[in-house]
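Okay, so here's the structure we're looking at.
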Amino acid sequence: MKGPDGSHRLRSITAIYVSTTGSPVTARLNVYAGRDPSWFDSRDSHYHLIDFTLGAASQYFGSGSRNNQGVENLLRGFADDAPYPDGFIRFPNINQVDTYGGSGSLTFPTDGGDMTVSILRALSMVSLGVGVVASLALQPEVAIPAFWIAGALAGTAGGVDIYQRFDRGEFEWDLQTGMDLLDIAGAVVSMGASSAASTTIRGVGRFSLRGSIQTGIGVAQIGVMGGVHVAQIAAAVESGDDAAIARAVAHAIADGALILIVHRASARLNEPRPSSSAPETRRTTSGTGSSEPPPRVTETGTPERPGAPQTAHDQWVSDMLRSGMGERPNAPAEPRPIGPEPEIRTGEAAYAEYERTLAETGYEIEVAIYRNRATGEYRVRRGTAMEVSGPMGEGWEGVMHYHPNPGNVLTYRMPAPADINGVALPAFRARAPITEFVEYPLPGGGRGRAAYTLDPRTGGVSIEYQRADGSRYRRSYASLNDYAAEYNARTTYLEPGTPEYEWAMRDLNDYYRNLLGGDSSRRTTGGTTPTSLPTDAALDTMSQAQFDASIDAAFAEAGFNTDHAARPPVRPLGSGGLREGARGRFNAVRDDYATQLGVASGGQVHHAVELQVIDRYPGVYTEAEINGIGNMRGIPPETSGRRQLHNSKIREVWDRHYARLDAEIARRGLTPGTPEYRTVCRRYLDSARDEIDYVMGQFFSEYRRSLFPSPPTSSAPAAPSP
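Start counting the sequence shown at 1; every next residue gets the next number (our numbering).
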């Protein structure tokens, strides 16, 4: 978010609210936070937070003598003043507020009174999604909600409320109905009615949640057990009579036959029922193919229903291939109102946001559309002049991206081999062809567009674009390797010293070190394909089961080395240095830190980024950052006081990272004190810290306590800078 002067940047931060009384609720809050620029001349650190969760923008402020204190005071004040009922707000990554504001998580209590919890319950489905765990024993469209509604009482109350409203003639598909059904589903699950014990459950019908929700919760499916209820609900759905559907479902509820409900997050509210007639099958002039992709199928081979998220996306892709391959004019940038990023649920809306973003960036950097297969959500991402990466998390697939191509290199109008390689894994998982688009600037202005498709059944690749005279060009390749060979045969001269040259050299170095193998979300102007060979081989010769079996066999044959891990040689540090003084100042506050982290006598307070980094990589971190509470991890007392985690395993991992970082510094010829040196070192060390937190965090004291501990009543002051 930027203010009118373009300088006030607030970033979206993760904030999870969990209630502790009344109706059980978990909701992700729509919160933005960052530095407050109106205090630019203050010696203190001032921060600003805006909460859009309930519609109107509510503002909060906090400050402190140091960055980490300012961030902590801001978040504590927000939780204390926000109008949320009794519970907690968890901030899993406070580094999102300010890179230099500490790391780790914070949790603060709320006591905002008895506001209407239905809003938060709706948000818990929309923002977090009602996480769905697929059930192998059932029809694939039936699954159990993965969130847990506490106890059976919520389910009992929900069933009684629906039945009473039906009896009074007040039963309708409104918000309360949807919430009651979810309560019942959660109660049944919590009482042990698992999918494995209910093989007769079937998913039937499509039910729109109508009423006061304006955020597009969409379509729900209900699973029932017992043929009579299945037949009744199926007949009601076939009739299209909402009242008949309501009566059939209410009878199933009253008889205790309702088992579970599945949330279809990305369908639209009040959408018309699909026609029962089959869609028209389009034919091409040559009769060799169709612009329509084959219908998506579920695990059991049944086609997806029209209107489902994947079907809607496939239709958008088909329309784009049929009529959207011509030249596109560039548009001027338009002012954008300050506010939260819009939630994008359709291909059309995603493309409109993509075009606005291109105009705002002057068509000078890569911009991309990504889509989450699991939720149906779209995101528009900004990159650099040479590449763009997808959002964090699982399930994101590329849809379209833009190559700036300032030198008008013809090769760069086509997708890079790395782009097509990024399609391979999603296509293989979906077991269906996936098409993406790449746009590029034209010499006379505007943009051209090319489409590339990978078919996992054959491993083949096809490229298609429209010429200036309106004719279509289409070419197929037997494999990604064949396409890469032709792409790379068209040599391109890059002037040494230019950004394009430097990026290409780094890309080649990364390729040969095989560091880019797993990132299927990365899109580049001319990137190489480190995993094209194994991916192509898998697509050409193996089914998924064969592929998994070969991996399992190779893993079993490799065996394990049970000897002590060899420690890599590490550059020694001389005695003294800044770390000695920093160690003394840390010792003065160590006990207070131990109390906050819940470390008992005999335990350790561990620096997540070690003290020796101050001397090993000078200027990368300040002492205040190293000695701040956000950099501390608690380690409970170990068996027999051996400290095998603190003094052995963590030491081994850090030594390995120090050796690798030193080698990288030498390879790049970086000089301590330069901006590039600080950037490279900090990025690497932050990543190493996150790796240790992820792998060993289960042993740290703050992870071993309850998820929502009582927050500390006092905060130890950060150690002063030397």
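Idealized CB from N, CA, C, for every residue including glycine.
Inter-residue spacing [alpha-carbon to alpha-carbon] between residue i and residue j
{"i": "PHE88", "j": "VAL31", "result": "15 Å"}
{"i": "TRP396", "j": "ARG322", "result": "25 Å"}
{"i": "GLY460", "j": "LEU454", "result": "6 Å"}
{"i": "ARG633", "j": "ALA594", "result": "9 Å"}
{"i": "ILE635", "j": "MET696", "result": "10 Å"}
{"i": "ASN587", "j": "ARG345", "result": "53 Å"}
{"i": "ARG480", "j": "ASN421", "result": "Going by the sequence as given, residue 480 is Leu instead of Arg. Using only the alpha carbons, I get a separation of about 7 Å."}
{"i": "VAL97", "j": "GLN466", "result": "45 Å"}
{"i": "GLN604", "j": "PRO433", "result": "53 Å"}
{"i": "ALA15", "j": "GLY376", "result": "22 Å"}
{"i": "GLU691", "j": "LEU685", "result": "10 Å"}
{"i": "TRP316", "j": "GLU436", "result": "12 Å"}
{"i": "VAL438", "j": "ALA424", "result": "16 Å"}
{"i": "GLY77", "j": "PHE108", "result": "9 Å"}
{"i": "ASN627", "j": "ASP81", "result": "30 Å"}
{"i": "GLY689", "j": "ASP319", "result": "First, the residue type needs correcting, since residue 689 is Arg and not Gly in the sequence shown. About 46 Å."}
{"i": "ASN270", "j": "ALA79", "result": "The pLDDT assigned to ASN270 is 27, lower than 50, so where the model puts this residue is not dependable; a value taken from the coordinates is nonetheless given after this. If I take the Cα positions, the gap works out to 36 Å."}
{"i": "GLU366", "j": "ARG356", "result": "13 Å"}
{"i": "GLY741", "j": "TYR60", "result": "This structure gives no information on residue 741, because the portion of the chain shown stretches from 1 to 722."}
{"i": "GLY619", "j": "TYR677", "result": "9 Å"}
{"i": "GLU580", "j": "GLY347", "result": "57 Å"}
{"i": "ILE650", "j": "ASP41", "result": "41 Å"}
{"i": "SER58", "j": "ILE629", "result": "29 Å"}
{"i": "ARG668", "j": "HIS657", "result": "16 Å"}
Cβ pair residue i, residue j closer than 8 Å
{"i": "GLU753", "j": "PRO335", "result": "Because residue 753 is not part of the residues shown, which for the chain are 1 to 722, the question remains open."}
{"i": "HIS401", "j": "VAL380", "result": "no"}
{"i": "ARG447", "j": "ARG328", "result": "yes"}
{"i": "TYR477", "j": "PRO417", "result": "no"}
{"i": "GLU623", "j": "ASN631", "result": "no"}
{"i": "VAL399", "j": "ARG371", "result": "yes"}
{"i": "LEU75", "j": "LEU106", "result": "yes"}
{"i": "ALA333", "j": "ALA349", "result": "no"}
{"i": "PRO415", "j": "TYR378", "result": "no"}
{"i": "VAL570", "j": "ALA659", "result": "yes"}
{"i": "ASP44", "j": "GLY62", "result": "no"}
{"i": "GLY445", "j": "ASN330", "result": "yes"}
{"i": "ARG583", "j": "LEU611", "result": "yes"}
According to DSSP, residues forming a beta bridge with residue i
{"i": "PRO51", "result": "One point to set straight first is that residue 51 is Asp, not Pro, in the sequence displayed. Answer is VAL31, SER58, bridged to ASP51."}
{"i": "ARG579", "result": "Note: ARG579 sits in no beta bridge, so no partner."}
{"i": "THR435", "result": "THR453"}
{"i": "PHE91", "result": "LEU106"}
{"i": "GLN466", "result": "ARG472"}
{"i": "GLN604", "result": "ILE635"}
{"i": "TRP396", "result": "ASN372"}
{"i": "HIS46", "result": "SER63"}
{"i": "SER12", "result": "TYR32"}
{"i": "ARG382", "result": "VAL367"}
{"i": "ILE420", "result": "Bridge partners of ILE420: none, in fact."}
{"i": "ARG429", "result": "Bridge partners of ARG429: none, in fact."}
Three-state secondary structure (DSSP) of residue i
{"i": "SER797", "result": "Outside the shown range of the chain (1 to 722) lies residue 797, about which nothing can therefore be said."}
{"i": "TYR163", "result": "Because TYR163 sits at a pLDDT of 40, beneath the cut-off of 50, its placement in the model cannot be relied upon, and the point is left open."}
{"i": "THR453", "result": "strand"}
{"i": "TYR402", "result": "strand"}
{"i": "ILE626", "result": "helix"}
{"i": "TYR477", "result": "strand"}
{"i": "THR116", "result": "Only weak support exists for where THR116 lies, its pLDDT of 37 falling under 50; the coordinates are left without a value."}
{"i": "TYR677", "result": "helix"}
{"i": "GLU72", "result": "helix"}
{"i": "PRO441", "result": "strand"}
{"i": "ASP662", "result": "helix"}
{"i": "GLY598", "result": "coil"}
{"i": "GLY347", "result": "helix"}
beta-carbon residue i near the ligand GDP non-hydrogen atom, thresh 7 Å
{"i": "GLU439", "result": "Ligands are entirely absent from the displayed structure, and the ligand GDP is therefore not among its contents."}
Whole-number beta carbon distance between residue j and residue i, since they are thought to touch under 8 Å
{"i": "ASN68", "j": "GLY102", "result": "4 Å"}
{"i": "ALA485", "j": "GLU464", "result": "About 19 Å separates the two Cβ atoms, so there is no contact after all."}
{"i": "SER12", "j": "GLU341", "result": "7 Å"}
{"i": "LEU29", "j": "TYR17", "result": "6 Å"}
{"i": "PRO85", "j": "THR110", "result": "7 Å"}
{"i": "VAL71", "j": "ILE94", "result": "6 Å"}
{"i": "GLU664", "j": "VAL680", "result": "7 Å"}
{"i": "ARG431", "j": "PRO391", "result": "Actually they are not in contact, since the Cβ atoms of ARG431 and PRO391 sit about 24 Å apart, beyond 8 Å."}
{"i": "ASP615", "j": "LEU661", "result": "No, ASP615 and LEU661 are not in contact; Cβ-Cβ is about 14 Å, not under 8 Å."}
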